[in-house]
Amino acid sequence: MFRNTARFLDVLFVIAGGLLAHSMRFSTPIALSDTERLLIAFNCVLLLLLFPGFGVYETWRGKPLPSMLARVAAAWMVVVFTALVLAFTLHRMDAVSRLWFGYSTLISGALIIVTKCLVHVALRIVRSRGMNYRTVAIVGAPGFARTLLAHLEHAPQAGFKPVCVFDTSIEAAETYGARLNRLPVLTDLDAFAAKVREDHVNEVWLALPLSEEHTIYRFTRMFRHDFVNLRFIPDVRSLSLFNHALVDVVGLPTLNLSATPFSSPQMWPKLIFDRLFAAAALLALAPVFVVLAIGIKLGSPGPVFFRQTRKGVDGQPFAIYKFRSMTVHHEAQGQLTQASRNDARVTKLGGFMRRTSLDELPQFLNVLLGQMSVVGPRPHAVEHDDLYKDQVYGYMHRYRIKPGITGWAQVNGYRGATTKVEKMEARVKFDLFYIHNWSFWFDMKIVFITIFKGFINRNAF
Numbered sequence: 339m340f341r342n343t344a345r346f347l348d349v350l351f352v353i354a355g356g357l358l359a360h361s362m363r364f365s366t367p368i369a370l371s372d373t374e375r376l377l378i379a380f381n382c383v384l385l386l387l388l389f390p391g392f393g394v395y396e397t398w399r400g401k402p403l404p405s406m407l408a409r410v411a412a413a414w415m416v417v418v419f420t421a422l423v424l425a426f427t428l429h430r431m432d433a434v435s436r437l438w439f440g441y442s443t444l445i446s447g448a449l450i451i452v453t454k455c456l457v458h459v460a461l462r463i464v465r466s467r468g469m470n471y472r473t474v475a476i477v478g479a480p481g482f483a484r485t486l487l488a489h490l491e492h493a494p495q496a497g498f499k500p501v502c503v504f505d506t507s508i509e510a511a512e513t514y515g516a517r518l519n520r521l522p523v524l525t526d527l528d529a530f531a532a533k534v535r536e537d538h539v540n541e542v543w544l545a546l547p548l549s550e551e552h553t554i555y556r557f558t559r560m561f562r563h564d565f566v567n568l569r570f571i572p573d574v575r576s577l578s579l580f581n582h583a584l585v586d587v588v589g590l591p592t593l594n595l596s597a598t599p600f601s602s603p604q605m606w607p608k609l610i611f612d613r614l615f616a617a618a619a620l621l622a623l624a625p626v627f628v629v630l631a632i633g634i635k636l637g638s639p640g641p642v643f644f645r646q647t648r649k650g651v652d653g654q655p656f657a658i659y660k661f662r663s664m665t666v667h668h669e670a671q672g673q674l675t676q677a678s679r680n681d682a683r684v685t686k687l688g689g690f691m692r693r694t695s696l697d698e699l700p701q702f703l704n705v706l707l708g709q710m711s712v713v714g715p716r717p718h719a720v721e722h723d724d725l726y727k728d729q730v731y732g733y734m735h736r737y738r739i740k741p742g743i744t745g746w747a748q749v750n751g752y753r754g755a756t757t758k759v760e761k762m763e764a765r766v767k768f769d770l771f772y773i774h775n776w777s778f779w780f781d782m783k784i785v786f787i788t789i790f791k792g793f794i795n796r797n798a799f
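Oh and the sequence shown: position 307 is 645 in this note's numbering, straight run, nothing missing.
Laid out in structure tokens, this is it:
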């Protein structure tokens, strides 16, 4: 019913867009030409044929709104392009006003997208108030089941209501009659199946490890005659540090365990911001660069810039730029002595630059070159990578995204020397939290904090 209504409204918006575009273009009473009618008819038929293939009419419950709206926009552009090709093939485009075609495309697309957005927001509000929900029974060990329940509790707008938990742990017999987050915990399989059927539960979520294939088969066989949605949510917490995205690889469903966590379209706002911010910073700070360069040359012999090899995204090496803050010295191959408080190697100007993070400013050149980001995990020296990669779990996963000039660890006080493994573990923990929870607005928050309180830190020397 709902899908048919959505189809009807989409067709209506295509027609309305064509009529409004004609009125705007020609300022005359609505009297479409034959070619305009033909294009509108093409768009209506193609919309009904192509939109389902893009998943436009699938349920949006629990799915991110931006990605779904992007899918609708992409489907609409394919419809318009296909109609255009058909019109060219029939040699009917000569009689079409380009302005009318542009207007109709924009108006119809806007009506379709805005309406779907409003409907989705309205449904989120309705579901968050306890209506239009789907009941869920969770199968799994209490630990992971508790994690899923927390997710559902923090996303009431998705419209999923948990009703019970089936405990698959070895200690399940001891939990008979227990409750988890105020939900009954069942341990008898027949009793669980009876409850699912009697309460007409909509979905059963199998929150099980990948090794529990026999348990998954057991449940799929048990509910093979029931019209209940079975969903497998693999418990791979011990295997991966990133979002466990299910992707298509050569036509096969593939679960990412350790792969680049974000797709290119997701990173476009970050990439654009990095380039613009770096260019603006370099332009605005040019006088500061000149003053510091003169001070460095007068303070001690040696180059203005200090270059050192660091690892970038996916471990690709690059040369990081800093203002030289120490006297020129040489160390043994494979050895790197971190700066310490009152370090004799640090010049007077160098000490000031390190305390105020001015020595890091040349890294905007690395950002402009695409080697670094404004915000991201700080890259460490290669010698430190070799030291900590086997001591700190998840250390190298920091390099799955571009390293940054500032980061979540830095604005939380984790700067300076890492003389103990515990300090590096804490820093890595913050970096991985950033990767898990990344968004463009999270970056903006870190930039804001850095500008107002992140340059000077007592741990920087």
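Where is the CB? At the ideal position from N, CA and C, for every residue including glycine. On a predicted model such as this, the values are computed, not experimentally measured, just so you know.
Distance between beta carbons of residue j and residue i, contact taken as under 8 angstroms
| i | j | result |
| --- | --- | --- |
| residue 394 | residue 410 | 6 angstroms |
| residue 498 | residue 474 | 5 angstroms |
| residue 664 | residue 688 | 6 angstroms |
| residue 359 | residue 438 | 5 angstroms |
| residue 749 | residue 788 | 6 angstroms |
| residue 333 | residue 600 | The requested residue 333 is not part of the displayed model; the chain covers only 339 to 799. |
| residue 472 | residue 540 | 4 angstroms |
| residue 544 | residue 568 | 7 angstroms |
| residue 553 | residue 506 | 6 angstroms |
| residue 773 | residue 739 | 6 angstroms |
| residue 425 | residue 377 | 6 angstroms |
Span separating the alpha-carbon of residue i from that of residue j
| i | j | result |
| --- | --- | --- |
| residue 528 | residue 556 | 12 angstroms |
| residue 514 | residue 396 | Its pLDDT being 48, under 50, residue 514 is placed unreliably by the model, and the measurement read from it follows with that caveat. When rounded, the distance between both Cα atoms is 39 angstroms. |
| residue 730 | residue 685 | 33 angstroms |
| residue 463 | residue 547 | 34 angstroms |
| residue 456 | residue 352 | 18 angstroms |
| residue 603 | residue 532 | 45 angstroms |
| residue 783 | residue 745 | 10 angstroms |
| residue 570 | residue 690 | 56 angstroms |
| residue 496 | residue 542 | 16 angstroms |
| residue 478 | residue 490 | 15 angstroms |
| residue 763 | residue 453 | 48 angstroms |
| residue 369 | residue 341 | 31 angstroms |
| residue 414 | residue 534 | 40 angstroms |
| residue 483 | residue 521 | 11 angstroms |
| residue 614 | residue 657 | 21 angstroms |
| residue 768 | residue 715 | 9 angstroms |
| residue 448 | residue 644 | 52 angstroms |
| residue 791 | residue 713 | 15 angstroms |
| residue 404 | residue 391 | 18 angstroms |
| residue 564 | residue 408 | 35 angstroms |
| residue 502 | residue 476 | 6 angstroms |
| residue 354 | residue 348 | 10 angstroms |
| residue 460 | residue 751 | 42 angstroms |
| residue 492 | residue 537 | 24 angstroms |
| residue 398 | residue 406 | 7 angstroms |
| residue 345 | residue 465 | 23 angstroms |
| residue 363 | residue 381 | 19 angstroms |
| residue 389 | residue 412 | 10 angstroms |
Per DSSP, cross-strand counterpart(s) of residue i
| i | result |
| --- | --- |
| residue 570 | 544 |
| residue 742 | 711 |
| residue 560 | For residue 560, which the question treats as bridged, DSSP gives no partner whatsoever. |
| residue 646 | 658 |
| residue 473 | 499 |
| residue 523 | 503 |
| residue 684 | 664 |
| residue 478 | 505 and 545 |
| residue 420 | Paired residue(s): none; residue 420 is not in a bridge. |
| residue 518 | 521 |
| residue 719 | 648 |
beta-carbon residue i near the ligand FMN non-hydrogen atom, thresh 7 angstroms
| i | result |
| --- | --- |
| residue 563 | With respect to the ligand FMN, the structure shown offers nothing to examine, as it has no ligands at all. |
Status (buried if at least 16 other CB within 10 Å, exposed otherwise) for residue i
| i | result |
| --- | --- |
| residue 654 | exposed |
| residue 632 | exposed |
| residue 446 | buried |
| residue 427 | exposed |
| residue 372 | exposed |
| residue 724 | exposed |
| residue 765 | buried |
| residue 692 | buried |
| residue 606 | exposed |
| residue 402 | exposed |
| residue 423 | exposed |
| residue 662 | buried |
| residue 525 | buried |
Practice item. Check whether the segment 441–451 touches the segment 405–425, taking contact to mean three or more Cβ pairs, one atom from each stretch, closer than 8 angstroms. Key: yes
Review point. Is it a yes or a no for the segment 728–737 touching the segment 644–656, going by three-plus beta-carbon pairs under 8 angstroms?
Key: yes
Exercise for review: Evaluate contact between the segment 694–712 and the segment 617–630, counting only Cβ atoms and requiring at least three cross-stretch pairs below 8 angstroms.
Suggested key: yes
Review point. Does the segment 624–641 come close enough to the segment 688–701 that 3 or more CB-CB pairs lie under 8 angstroms?
Key: yes
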